[in-house]
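K.L.:
There are 2 protein chains.
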Amino acid sequence: MAKFSWKIKSSSTKSKARTGCITTPHGKIETPAFIFCATKGALKSFTTIEAKKINTQIILSNTYHLMLHPGSKLIANHGGLHNFMNWDGPMLTDSGGFQIFSLGHGSVANEIKGKKTQYLRDKSLLKINEEGALFKSYLNGKNYLLTPEKSIQVQRDLGADLILVFDECTPFNVEKKYTEKSMKRSHRWAKRSINMFNSKLNYSPCYGSSGEQCLYGIVQGGIYEDLRDESIDFNLNEIKVFGIAIGGSLGSNKEEMYNVVNYTSKKLGEKHPIHLLGIGDPIDIWSLVKQGIDTFDCVSPTRLARHGSALIKNKIGKININNAEYENSSKPIDKSCNCHTCKNYSLSYIHYLLKAKEFTALYLITLHNIFFMNELMEFVRVSIKKDQLEEAEIEWYSKS
Amino acid sequence: MAKFSWKIKSSSTKSKARTGCITTPHGKIETPAFIFCATKGALKSFTTIEAKKINTQIILSNTYHLMLHPGSKLIANHGGLHNFMNWDGPMLTDSGGFQIFSLGHGSVANEIKGKKTQYLRDKSLLKINEEGALFKSYLNGKNYLLTPEKSIQVQRDLGADLILVFDECTPFNVEKKYTEKSMKRSHRWAKRSINMFNSKLNYSPCYGSSGEQCLYGIVQGGIYEDLRDESIDFNLNEIKVFGIAIGGSLGSNKEEMYNVVNYTSKKLGEKHPIHLLGIGDPIDIWSLVKQGIDTFDCVSPTRLARHGSALIKNKIGKININNAEYENSSKPIDKSCNCHTCKNYSLSYIHYLLKAKEFTALYLITLHNIFFMNELMEFVRVSIKKDQLEEAEIEWYSKS
């Protein structure tokens, strides 16, 4: 673990906001940081080298997608995911659990973010038991069993710097009894993940070339404070992990999400970098760094771009460039933005490209959205260092 | 016309190959040059600034597509197409004729390139008469009349440096009688185009900002030598144009195409830069520069990329990266290529991205194909200057 370290560099006097630095074999991550989702090993219409040029610190790829296609062994044979996708910076992989349970009924992601939808486990998730989760591939219909051991083996093959223990991500509307049962099983799965991680038998071909890896535990417990307490205690005292992620259900609306994060993060202390799984709209960033969150991941910057939406500095947070109001606008997306897109292309041009279904539109908006998030996080970090986070938030929204 | 000039810089002693330079208000074009198709005002998945970085000299956009959407007035109001798409280099627009007649039955493009298909004018082309061509928009079903005057007005609005007279592009399998009738009408249309071009009433808002424009005439006549002679005489002696394009039907196979180009180009002399419309596969470039062709345009580099094919230095000229043989290949597309894609990404990764339908694949292959064509043209120019074109062709194919 010598190649990894975590250090808090400065703290706010008005909130739990803090800056820090996670050191990995592929470089440092200045926190608070945003982790961009290269779900299937690509940043949608964008390249890893372009992303690095615009100050992207760390990307995330998904164990679930990559184990199904192209398969972790193929990636291991190419020296790991860093080499395969030519990303030489820090990388995180999730455990695959979230996707199995999310794609299983198609609504976990929405539920976590507070959108009430019917909880229906669809046929792609066939069975969960002590062993693991049996599911049907969305690609070829074949059955796969994902266990803690298998998840860690795949993550070893992929070779990301930061990897996650295998867990079940419970939706918000299951009973407390199920949330508790699931949490306890996820704790047992965490121990099995760690055992597998420590087993020298399972080092993969790329392990040597991509350096050491380190594990994040996951705090479960849904919206129930006593369960969160139990899971916090488990992660802090019963297992030894480098980082801690806040997972599971964060409630059915933003207020519950903030409550769960606040309750959980204040008990997690300073020993570990704290990651919040799957949340990262710009407007949330301001609130959640004040809760002591160090890293965020969210598909929104790239997903919004694919749907024609660009991030901007107001409380709504985005504009849909498909809208007719932009047809004749010679302005950039954001006049205060220094990205390649805003410096060179008008809303009118991008609106036209979207309507004409030209791929260049996706590239230009993706570039802006990634640049925007990196600029936001840098602005947040500088503000915390100056202990002026609250003033910075007001300034941010007055920029555009 | 002071801002435009054409100069031959060197000539081969073994063929009619020559290097030259076309000067425009937006910069110089070293010839022989390849003109990339930004059909709808975008280089498919790529940006104009990226294209410039990899030595792209000149791009082409299509009057037909842009007049229908977003409309030439909108583009004029943004200062012309150079400003709208942020391309500050030389640009050519076609007259719109080719698309009307091509999309009219969907096979002109294939016929020109020697693929025999049934000649059927479909309902989108409603009528051709002395006035112009009446067609139905592929976007909204509305009827449009494109005339020489309208084509020039639209091209004035777009503001490209090099613009074309309006013509009918006859397919190869019409009778000689129709080819002759069409040619004579196209000559009358050329005169009307020039009159319109010279009419000060029709200068568009962007005309001032984007500098002067200059006209290319088009040699018609299909595969018939006497008709080609008549059209050559018309373009050289009856009208005054800056450049001359070889258009119309080039026959039903490559041999006929080479014969038509050879017959026509040798009579066109040195006074004008000679453009060959719609032809530009790498393998054709070597033969056609020997016929004295100065500029080429073809959709193939970007279109091939969209279908997963990359240009390579052999007689077949391309590989389809979708093929299973590339699934595990850690090699680049072309080990002798210095493009960003070949220096950073393996065939295996690009193959995977294509299968996973990740847009990044299109970006990476488009980048390679544009880089490849620019490298090829530079290699050809240097070889002509050294008077070693024949040796260079052999060397080119031994590179990869």
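Line order of the protein sequences matches chains S and H.
The first sequence begins at 60 in our numbering and counts up one residue at a time.
The second sequence begins at 60 in our numbering and counts up one residue at a time.
Even glycine gets a Cβ: it sits at the ideal position worked out from N, Cα and C.
#1: Out of CYS398/H, ILE118/H, SER389/H, ILE409/H, which has the shortest C-alpha to C-alpha gap to ARG56/H?
#2: Quick check on this structure: which residue in GLY200/H, VAL348/H, LYS402/H has the alpha carbon closest to the alpha carbon of PHE438/H?
#3: For ILE417/H and chain S, any beta-carbon pair shorter than 8 angstroms?
#4: Am I right that MET58/S and HIS141/S are in contact with their C-beta atoms under 8 angstroms? What's the rounded C-beta distance?
#5: Buried or exposed: where does LEU221/S fall if 16 or more other Cβ atoms within 10 Å of its Cβ makes it buried?
#6: If you count every other CB in all the chains shown that lies within 10 Å of the CB of ASN428/S, and 16 or more means buried, which is it?
#7: Taking buried to mean at least 16 other C-beta atoms within 10 Å of its own C-beta, is ASN397/S buried or exposed?
#8: Could you tell me the boundaries of the alpha helix (DSSP H) in which LYS414/S lies?
#9: Quick one: using the 10 Å Cβ neighbour count with 16 as the cut-off for buried, is GLN177/H buried or exposed?
#10: Would a C-beta distance cut-off of 8 angstroms place HIS331/H and PHE301/H closer than the cut-off?
#11: Here's a check: name, in chain order, each residue in its chain whose Cβ is nearer than 6 angstroms to the Cβ of SER368/S, leaving out the five neighbours to either side.
#12: Identify whether ALA110/S lies in helix, strand or coil by the three-state DSSP scheme.
#13: Pop quiz: ASP340/H and SER311/H are said to be a contact at Cβ under 8 angstroms. What is the actual Cβ separation, rounded to whole angstroms?
#14: Within 8 angstroms (strictly less), CB to CB, does ILE473/H reach chain S?
#15: Express the C-alpha separation of GLU454/H and ALA110/S in angstroms, rounding to a whole number.
#16: For GLY139/S, does the count of other Cβ atoms within 10 angstroms reach 16, so buried, or fall short, so exposed?
#17: TYR197/S to ASP393/S, Cα distance in whole Å?
#18: Put CYS357/H into one of helix, strand or coil per three-state DSSP.
#19: On a CA-only basis, which of CYS273/S, TRP248/S, GLY351/S, PRO230/S is nearest ILE282/S? Give me that one, please.
#20: Which residues, in order along the segment 112-132 of chain S, keep a beta-carbon less than 7 angstroms from a beta-carbon of chain H?
#21: In this structure, how does DSSP classify GLY280/H when only helix, strand and coil are distinguished?
#22: Considering only residues of the same chain and omitting the five flanking positions on each side of GLU417/H, which have a CB-CB separation below 7 angstroms?
#23: Classify ILE392/S as helix, strand or coil using the three-state DSSP reduction.
#24: Could you spell out the range, first to last residue, of the alpha helix (DSSP H) harbouring GLU51/S?
#25: With contact counted as at least three CB pairs below 8 angstroms, one residue from each stretch, are the segment 241-256 of chain H and the segment 282-292 of chain H in contact?
#26: Against chain H, with Cβ distances strictly below 8 angstroms, would SER407/S count as a contact?
#27: CB-CB under 6 angstroms to ALA304/H, same chain, minus the five flanking residues each way: which ones, in chain order?
#28: Assuming ILE443/H and ALA76/H are in contact, meaning their beta carbons sit under 8 angstroms apart, how far apart are those beta carbons, in whole angstroms?
#29: Which full runs of the beta strand (DSSP E) of 3+ residues lie inside the segment 110-155 of chain S, going along the chain?
#30: Which of the three DSSP states is assigned to SER324/S in this structure?
#31: Taking only beta-carbon positions, decide if ARG101/H is within less than 8 angstroms of chain S.
#32: At least one CB of chain H closer than 8 angstroms to the CB of HIS399/S: is that the case?
#33: Could you give the distance in angstroms between the alpha-carbon of GLU449/H and the alpha-carbon of PRO91/H?
#34: Between TYR197/S and chain H, is the shortest Cβ-Cβ distance under 8 angstroms, so that the two count as touching?
#35: Just to confirm, are ALA101/S and LEU412/H a CB contact at a threshold of 8 angstroms?
#36: Run through DSSP, which three-state label would LYS402/S get?
P.N.:
Per the coordinate set shown:
#1: Absent from the structure is residue 56/H, since the part of chain H shown begins at 60 and ends at 459.
#2: When only C-alpha atoms are compared, the closest one is VAL348/H.
#3: Checking the sequence, you will find Glu at residue 417/H rather than Ile. Judged by the 8 angstroms Cβ criterion, GLU417/H is in contact with chain S.
#4: Any answer about residue 58/S is impossible in this case: the structure gives chain S only from 60 up to 459.
#5: Buried, by the Cβ-count rule.
#6: buried
#7: Under this definition ASN397/S is an exposed residue.
#8: Residues 406-414.
#9: Model confidence at GLN177/H stands at a pLDDT of 39, short of 50, so the residue's coordinates are unreliable and nothing is read from them.
#10: yes
#11: LYS377, ASN379
#12: helix
#13: The Cβ separation is near 17 angstroms, so there is no contact.
#14: Here chain H comprises residues numbered 60 to 459, so residue 473/H is not present and cannot be evaluated.
#15: 37 angstroms
#16: buried
#17: 39 angstroms
#18: strand
#19: PRO230/S
#20: HIS128, PRO129
#21: Shown here, GLY280/H sits in coil according to DSSP, grouped into three states, outside any helix or strand.
#22: none
#23: Here DSSP, grouped into helix, strand and coil, assigns ILE392/S to coil.
#24: Shown here, chain S extends from 60 to 459; a query on residue 51/S therefore has no answer.
#25: Using a Cβ-Cβ distance cut-off of 8 angstroms, the segment 241-256 of chain H and the segment 282-292 of chain H are in contact, since at least three pairs of beta carbons, one from each stretch, lie closer than that value.
#26: yes
#27: TYR275, ILE277, HIS334, LEU336
#28: Sure, about 5 angstroms apart at Cβ, within 8 angstroms.
#29: 117-120, 150-152
#30: helix
#31: For clarity, residue 101/H is Ala in the given sequence; the question names Arg instead. Output row for ALA101/H: interface = yes.
#32: By this cut-off, HIS399/S is an interface position.
#33: 15 angstroms
#34: no
#35: Yes, these two residues count as a Cβ contact at 8 angstroms.
#36: helix
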